[in-house]
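In the numbering used here, the protein residues as written are -6 to 274.
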């Protein structure tokens, strides 16, 4: 497989924090010898194989999925699955979004088979969360979302680290064109950032830039900047050396009140209360 530049892999890591997971359902499916199905799902799907083997055909290739392996499918991905000896697997339905971009994992070309040796710990955590969900334990849905997020992070990291294809061609070119903008935002987060300035940094006309940025990230430049500022704020407030006023100034807010309002809207807690909760004594 073609290796991608380190800068692209680093950029993937930067945006991964802004990916959101919406857990839909978890169940268990058993099939006898000779089972066969051919379909495409409307959402994301993960199968964790518990027993038997499945031959999965997708994207022009046939692969065998064995006990302990996982099979990740993206929305509208056409596949054929069959088992000569019978199989049982846990199935999880979910959505994955970057801003409004619901196809982010498809764009990152992450779908396919993940061997058991790579995901043993994460798959075990998801299996345990699934059992709690089926047993209707308190907060089981939240546990499923957490375990699913950890498993997806592992899958994502594995694809990038092993020379996979982290972007399809169009998406890679789009992110590469936006990289100077991401870098500019990161280094000027303490100053007012206008779309005109960002478009000039990208070397694009304003309207084209705004459209291209949203296609690349799933969100407007303003929303992206706000998210970066909020995550920086969380890091700064977790330390012991800065006040709320100082953090507001470091992130380009005109005053403490404006910053506090934005922080509370994003994290559902005032920055002063966040500091009390998470700062070490």
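In this text, a Cβ means the ideal position worked out from N, Cα and C, and glycines have one as well.
The Cβ-Cβ distance between residue 22 and residue 45 does not fall below 8 Å. Distances from the alpha-carbon of residue 67 to those of 111, 229, 222, 85 put 85 closest. For residue 127, there is no enclosing beta strand (DSSP E); the enclosing alpha helix (DSSP H) has its first and last residue at 109 to 127. The region 29 to 42 and the region 58 to 72 touch, with three or more beta-carbon pairs separated by less than 8 Å. Put simply, of 241, 209, 208 the residue whose alpha carbon is nearest the alpha carbon of residue 224 is 241.
In the pairwise beta carbon analysis, the region 167 to 179 is classified as not touching the region 120 to 137: fewer than three pairs are separated by under 8 Å. Residue 83 is positioned such that its CB atom lies closer than 8 Å to that of residue 19. The Cβ atoms of residue 55 and residue 42 do not sit closer than 8 Å to each other.
Around the beta carbon of residue 211, 16 or more other beta carbons lie within 10 angstroms, which makes this residue buried. Contact annotation: the region 144 to 157 touches the region 104 to 124, with at least three C-beta pairs closer than 8 Å. Secondary structure note for residue 219: its alpha helix (DSSP H) is the uninterrupted segment 214 to 231. Comparing alpha-carbon positions, the option among 108, 215, 264 lying closest to residue 228 turns out to be 264.
For the options 199, 149, 206, 154, the alpha carbon positioned closest to that of residue 169 is the one of 206.
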